[in-house]
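In what follows, a structure is listed as structure tokens, so that the remarks can point back to it.
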Amino acid sequence: MSTVGSSRQTGALYWPVQLRRNVGVRGLFAVVMAFLVAYGVLFPGLLTGSGFAKFTQSWFPLALVAMAQAILMLTGGISLAIGAMVSLGAVIAATIMTGPLGVAGGAAAVALTGLGIGAATGLIVVKLRLPAIVVTLAGSFIIGGAALLILPRPGGAIPEWLSDLLAGNTPAAFVLLVLIVLLWKLYLATPLGLSLY
Numbered sequence: 003m004s005t006v007g008s009s010r011q012t013g014a015l016y017w018p019v020q021l022r023r024n025v026g027v028r029g030l031f032a033v034v035m036a037f038l039v040a041y042g043v044l045f046p047g048l049l050t051g052s053g054f055a056k057f058t059q060s061w062f063p064l065a066l067v068a069m070a071q072a073i074l075m076l077t078g079g080i081s082l083a084i085g086a087m088v089s090l091g092a093v094i095a096a097t098i099m100t101g102p103l104g105v106a107g108g109a110a111a112v113a114l115t116g117l118g119i120g121a122a123t124g125l126i127v128v129k130l131r132l133p134a135i136v137v138t139l140a141g142s143f144i145i146g147g148a149a150l151l152i153l154p155r156p157g158g159a160i161p162e163w164l165s166d167l168l169a170g171n172t173p174a175a176f177v178l179l180v181l182i183v184l185l186w187k188l189y190l191a192t193p194l195g196l197s198l199y
């Protein structure tokens, strides 16, 4: 019974703490909403289901990259290789997902590649005591070269059902982004997440 009571108390405290923590960005939310309203007036198609889906698809990758960079910056680091990592991940996905490994194998290959490169970069920065900005800048050229070695000219594909899901007229990208933000909020509630601040 005390566990239920303490979890309710924690839940009751969570939102007031979040509101106090994010006081400084309320103005930013107002500006973003004003831009969305202006964009909706100038381009009425945005207010349709398919228009909103296309709009979220266009900025979904940028939102993910910004979240990845935010984690690094919160810990005092920076990475100039994230853009090249996105390119390499896209190339790996485009060459593997239509093969025998399928979507799951392609997603695993992308995740393992990103994890491996991130670990190697972090190890170089920590063990050799080199500036992260220099290591990641050099790494971005190596990663970009690896992407060109894998797929030297435009090509590759992903399964049609996945393309329809992520780039069709459904707001799947928006739903994915909301889920990722919710997972991020849950992560911030853990001791490791709290240590970032």
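Number 169 in this note's numbering belongs to position 167 of the sequence shown; there are no gaps in the numbering.
Built from N, CA and C at the ideal position, the CB exists for glycine as well.
Judged by their CB atoms, A175 and T58 are nearer to each other than the 8 Å cut-off. If one requires a minimum length of 4 residues, the alpha helix (DSSP H) runs lying completely within the region 52-114 are 84-98, in chain order.
If you draw a straight line from the Cα of K187 to the Cα of G29, it is about 21 Å long. Using a C-beta cut-off of 8 Å, the region 142-160 makes contact with the region 75-94, since at least three inter-stretch Cβ pairs fall below that distance. Our two residues, I119 and G85, have alpha carbons roughly 13 Å apart in a direct line. Beyond the five residues adjoining it in sequence on each side, G108 comes within less than 6 Å, by CB distance, of A95, I98 and M99 in the same chain, given in chain order.
The beta carbon of V127 lies closer than 6 Å to those of A134 and V137 in the same chain, with the five residues before and after it left out.
Boundaries of the alpha helix (DSSP H) around L164: E162 to A169.
Contact between the region 161-175 and the region 58-76 is established, with three or more Cβ pairs separated by less than 8 Å. Classified as exposed, G26 has fewer than 16 neighbouring CB atoms from the shown chains inside 10 Å of its CB.
Shown here for L196: same chain residues with a beta carbon closer than 8 Å to its own, the five before and five after excluded, namely L190 in chain order. If you ignore the 5 residues before and after S89, its C-beta comes within less than 6 Å of the C-beta of A149, all in its own chain and listed in chain order. The alpha carbon of V105 has as its nearest neighbour, out of S165, L178, A32 and V34, the alpha carbon of S165. The Cβ neighbour count for T123, taken over all protein chains shown within 10 Å, is at least 16; the residue is labelled buried. Here I145 is not near M75, since their CB atoms are 8 Å or more apart. Taking the C-beta atoms as reference points, A55 is found nearer than 8 Å to P173. W17 and N24 have their C-alpha atoms some 10 Å from each other. DSSP places P156 outside both helix and strand once states are collapsed to three, so it counts as coil.
Distance from the CA of I73 to the CA of P102, rounded to the nearest whole angstrom, comes to 34 Å.
Leaving aside the five residues that flank A83 on each side, the residues in its chain whose CB is nearer than 8 Å to its CB run, in chain order, I119, T123, T138, L139, G141, S142 and I145.
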